[in-house]
Each structure stands twice: as C-alpha cells, then as structure tokens.
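Chemist: Sending over a structure as structure tokens; questions will come in a sec.
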Amino acid sequence: MSGIRGKYVIEKYFVGEGKIPLLILYREREEPMPTILCLHGFTGSKEGLLTLYLKFADAGFCSAAIDARMHGERFDPDFWVKFTENFPKTFLTAVVETAKDIREVIDFLGSKSFVDLRRIGLMGISMGGFITSVAVTMEKRIRAAASIIGAANFPHLIRNLASIDILPFKCFRREPMLNPDEETRRFFERYDPLNNLESFPPTSLLLLGGTLDNLVPKECIVPLYEALKPYYRNAPGDLKLVMYNVGHAYTPEMESEVISWFKEKL
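When we follow numbering that gives the first Met the number 0, the leftmost residue of the sequence shown carries the number 0, and every step to the right adds one.
Below, the structure is given as structure tokens:
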C-alpha cells in the first residue's frame with residue numbers, strides 16, 4: 000500500500016430497476032479511461048477489493064464494482080437457508096443473474112464522460128471468476144476479461160464441493176449436490192462456459208488458477224482454456240492460462256498478471 004497516495008474519486012450508484020449497487024473508483028484524468036468491472040467471491044462484497052481498485056486507478060483504469068446477487072447490499076436474509084438447502088441451484092442462479100446484470104451496468108457507464116466504452120474490461124475472483132466467464136458469453140462490449148480461481152465446468156465444481164470437509168460446504172445438504180434436480184442440470188447445460196465456446200471471441204481472456212486449489216480445482220479452469228484454443232487460433236495471444244503453485248487464493252503475483260493483462264488488452 001506504500002505506493003498508493005494522493006486523490007481518488009469514489010462514486011456510488013444504484014443502477015436500473017434492480018438497483019444494482021455500483022461503486023466506481025478512479026483518478027481524475029482529462030481523457031476517458033478504460034474501465035474494469037470487478038466481481039467479488041462467494042460471501043464477499045464490492046468493498047472487499049478496495050486495494051485492487053486503488054491499484055487499478057494508479058495504473059490509469061477506472062474500477063466499477065458491483066455486489067453479486069444475494070451479496071453485499073443485495074444480501075438475502077435467507078442467504079444461508081437457501082444455499083444450505085440447495086447449493087447448486089442457488090449458486091448457479093446467483094452467478095447467471097449477476098452475469099446478466101453486467102449489460103445494464105455497462106449501459107449505465109456509457110453515461111459517464113470519464114468512461115471509454117470502447118475499452119471495457121471484466122474481472123472476477125472465485126465465484127466472480129465464474130460470473131466473468133458467463134458474462135463474456137453474453138456481452139460483446141467486454142474487450143478483455145480475467146477469470147481468477149474460477150471459470151467453468153459447473154458439474155465438476157459442485158461434485159468437488161460435495162466431497163470436501165470444509166465449512167461452510169460440509170454443512171450443505173448433500174442430495175442436491177450429488178444429484179442436482181432437472182432444472183439445475185438444464186441450467187448447467189445452458190450456461191456452463193464449456194458449452195458456449197463460440198461466444199467468447201473476440202474478447203481477450205486471461206485464466207488464472209492454483210494447482211493446489213481444493214475448492215475450485217484445475218478441472219474448472221484448464222479444460223476451458225484447452226477447449227477455447229481452436230476458437231482463438233487467429234488470435235492466440237488473446238487467450239492465456241497461468242497456473243500458480245497455490246491453493247484457493249488471489250495472490251500478489253496474480254494481481255500483477257491481471258494488471259499487466261489489462262494494460263496490454265485495453
């Protein structure tokens with residue numbers, strides 16, 4: 000934090016009919032800025048990545064962070080009841096509905112003179128990484144994206160979480176996790192990024208993961224990279240995978256990689 004100093008601008012809004020909580024942070028500049036939408040992880044909030052937004056601002060970016068569905072200022076009083084009773088359905092619904100919110104947020108950002116709509120980025124960590132991958136398949140104004148310790152393969156994610164003895168996941172009902180209902184399986188099929196590969200280009204995509212991650216294992220990241228290679232054969236530099244020898248963590252090395260990626264692609 001020693002390099003962070005000076006004046007920053009913070010603005011807060013509630014966007015659209017759904018009143019999507021939006022936090023914007025930037026340093027004032029004369030020209031419109033490339034803007035990065037930021038997505039937090041499970042049980043987190045938009046305020047939890049404040050240090051990252053400050054670093055983005057120092058690098059010349061504007062950050063635009065929202066609370067995911069059921070999180071932060073959109074917190075559902077029945078949060079733990081719903082996730083405990085049917086984690087797959089509740090999690091996937093939150094992921095997909097938040098991904099759909101991205102379009103409305105970008106529309107709103109277009110009303111801000113300091114935002115360059117030609118240079119929109121999107122990044123997310125853990126649950127936010129899954130949201131990022133889904134959103135890229137829906138919204139083509141996203142020029143570059145970074146999915147960090149979370150990307151795709153929803154069925155494998157759910158099976159893995161059902162097998163680990165870690166709070167809060169060990170408290171969730173096992174039956175919906177081991178045998179998702181038909182509606183949830185249809186959700187998997189429709190929205191899993193692995194089933195929507197043709198919708199990724201031309202967005203530049205960075206995938207980061209941990210080889211020791213026991214929550215979101217490499218099977219939720221590496222297969223997406225391998226499956227996307229043919230779709231980026233005309234622009235191989237727009238698809239990148241980096242795996243680190245860490246667990247489920249967002250590390251300083253990952254952060255440096257993300258900032259470098261957006262500097263190059265935005």
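Cβ coordinates follow ideal geometry from the N, Cα and C atoms, glycine included.
Just how far apart, CA to CA, sit residue 69 and residue 193?
Modeler: Each residue's alpha carbon lies about 25 Å from the other.
Chemist: What is the residue span of the beta strand (DSSP E) that residue 65 lies within?
Modeler: Note, residue 65: beta strand (DSSP E), 61-65.
Chemist: Let me know the alpha helix (DSSP H) ranges lying completely inside the stretch 110-159, each 4 residues or longer, listed in chain order.
Modeler: Whole alpha helix (DSSP H) segments, 4+ residues: 126-137.
Chemist: Rounding to the nearest angstrom, what Cα-Cα distance links residue 164 and residue 30 in this structure?
Modeler: For residue 164 and residue 30, the distance between alpha carbons rounds to 51 Å.
Chemist: Short check: CB of residue 256 to CB of residue 241, under 8 Å?
Modeler: Yes, Cβ-Cβ distance for residue 256 and residue 241 is below 8 Å.
Chemist: Closest to residue 231 by C-alpha separation, out of 244, 202 and 92, would be which residue?
Modeler: The shortest C-alpha separation from residue 231 is found at 202.
Chemist: Return the CA-CA distance between residue 8 and residue 155, expressed in angstroms with no decimal places.
Modeler: The straight-line gap from Cα to Cα measures roughly 41 Å.
Chemist: Leaving out five residues on either side along the sequence, give the residues of the same chain with a beta carbon under 6 Å from the beta carbon of residue 160.
Modeler: 168, listed in sequence order.
Chemist: If you drop the 5 nearest sequence neighbours on each side, which residues of the same chain put their C-beta closer than 8 Å to that of residue 137?
Modeler: So the qualifying residues of the chain are 98, 99, 101, 102 and 198.
Chemist: Rounded to the nearest angstrom, how far is the Cβ of residue 104 from that of residue 19, given a contact under 8 Å?
Modeler: So it is a contact: roughly 6 Å between Cβ atoms.
Chemist: Comparing C-alpha positions only, which one of 71, 141 and 249 sits nearest to residue 119?
Modeler: Among 71, 141 and 249, the Cα nearest to that of residue 119 is on 141.
Chemist: Residue range of the alpha helix (DSSP H) that residue 176 falls in?
Modeler: That run of the alpha helix (DSSP H) goes 173-177.
Chemist: Of all the options 5, 11, 14 and 188, which has the alpha carbon lying nearest to the alpha carbon of residue 56?
Modeler: Nearest of 5, 11, 14 and 188 to residue 56, Cα basis: 5.
Chemist: Would the beta-carbon of residue 33 fall within 8 Å of that of residue 175?
Modeler: No. Outside cutoff.
Chemist: Using a Cβ-Cβ cut-off of 7 Å (strictly less than) and excluding sequence neighbours within five positions of residue 47, which residues of its own chain qualify?
Modeler: 39.
Chemist: Below 7 Å CB to CB, which residues in the same chain sit around residue 188 once its five sequence neighbours on both sides are set aside?
Modeler: 194, listed in sequence order.
Chemist: Report, in whole angstroms, the separation of the C-beta atoms of residue 196 and residue 227, which I expect to be a contact under 8 Å.
Modeler: Indeed they touch by this definition, with Cβ atoms about 6 Å apart.
Chemist: Quick one: Cα of residue 126 to Cα of residue 253, how far?
Modeler: Cα to Cα, the separation comes out at about 16 Å.
Chemist: Which residue spans inside the stretch 5-60 form an unbroken alpha helix (DSSP H) run of at least 4?
Modeler: DSSP runs (the alpha helix (DSSP H)) wholly in the stretch 5-60: 49-57.
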